[in-house]
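One structure is given below, encoded as structure tokens.
In the working numbering, the protein residues as written are 1 to 296.
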């Protein structure tokens, strides 16, 4: 029996024990479990679980680090997960924490409050509070507060893009926006008004000025370097989001890279962070190279 079949057999047993509906209702949970069972694990360890960065129940974060760390402070990446601002949890994305930590980062995975309990801009404000916590505390875990970068997938890439481009979210809470050195954004929505989906309308339509909800509105020449990673076969967040932002950044003379993954879907990009699917899309290697190059 091949390793792949062994993993699938184990997953099936776990799913049967938990209940198939519960288990398969969360693809990230399933991916995280498969990732943990895949041979060749990165040298990474979770060093903090459920640390509060605010007072709300979902204002918590996890921290991952390389297993072997010297005295030198390491670059930091804060990864915001997707889920259309309606679902997701930091526990489901341990594979992202392990992936980045295995590449020499201190990786932070924060939760944030979700629709329908909140609307824009609360989930971005929560994401900003996580940056503030990292600034104040990441040195305790071996991270360099002077080398903070962002990443995220889908709705999480939106949150990261807003923090990178609209400095007010950080300056309003006493954080210098320039603390964000770079961002690697996977399949994010950056220019999506008029809203075409019920989830987008639920998250943003109550805001009186739609343009203020769009990351492209805040692009500037001195924006931190952005990696715009986009699958050409993405039918969830249309590729035009990345190409429109790339066009605007080009016009401004800003620093960025547009990486198009031919034939890859929306989820292929985040799955590429996981160990079993790392060969399907090079998003981890591309993100790591970009963030390290722009956080020195």
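In this text, a Cβ means the ideal position worked out from N, Cα and C, and glycines have one as well.
As the structure is a computational prediction, the values presented were derived from the model and not from experiment.
Pairwise C-alpha distance: residue 243 and residue 180: Numbered from 1 along the chain shown, position 180 holds the residue referred to as residue 180. Numbered from 1 along the chain shown, position 243 holds the residue referred to as residue 243. Their Cα atoms are separated by approximately 22 Å.
Taking the alpha-carbon positions, what's the residue 86 to residue 126 distance? Locating residue 86 in the chain shown gives position 86, counting from the first residue. Locating residue 126 in the chain shown gives position 126, counting from the first residue. C-alpha separation (whole angstroms): 14 Å.
Hey, residue 129 and residue 173: beta-carbon distance below 8 Å or not? The sequence position of residue 129 within the chain shown is 129, counting from 1. The sequence position of residue 173 within the chain shown is 173, counting from 1. Yes; because the gap between Cβ atoms is below 8 Å, this pair is in contact.
Contacting residues, own chain, Cβ-Cβ under 8 Å from residue 214 (five flanking each side not counted): Within the chain shown, the letter at position 214 stands for residue 214. Cβ-Cβ distances below 8 Å link residue 214 to 190, 191, 192, 193 in the same chain, with the five nearest sequence neighbours on each side left out; the list follows chain order.
Could you tell me whether any Cβ in chain B is nearer than 8 Å to the Cβ of residue 93? Although the question refers to chain B, the structure presented lacks it and comprises just one protein chain.
For the 8 Å Cβ check, are there 3 or more pairs between the segment 196 to 210 and the segment 136 to 147? No contact exists between the segment 196 to 210 and the segment 136 to 147.
Please classify residue 268 as buried or exposed, where buried requires at least 16 other C-beta atoms within 10 Å of its C-beta. The sequence position of residue 268 within the chain shown is 268, counting from 1. The residue in question, residue 268, is buried, as its Cβ has 16 or more Cβ neighbours within 10 Å.
Would you identify the three-state DSSP class for residue 134, choosing helix, strand or coil? Along the chain shown, one-based indexing puts residue 134 at 134. Here residue 134 sits in helix by DSSP.
Mind checking which residues open and close the beta strand (DSSP E) that includes residue 179? Within the chain shown, the letter at position 179 stands for residue 179. Element bounds for residue 179: n/a, residue is neither H nor E.
Under the assumption that residue 64 contacts residue 41 (Cβ atoms under 8 Å), give the Cβ distance between them as a whole number of angstroms. Here residue 64 corresponds to residue number 64 of the chain shown, with the count starting at 1. Here residue 41 corresponds to residue number 41 of the chain shown, with the count starting at 1. Contact doesn't hold; Cβ gap of about 12 Å is too wide.
Cβ pair residue 297, residue 276 closer than 8 Å: Lying before the first or after the last residue shown, residue 297 is absent from the chain, which here runs from 1 to 296.
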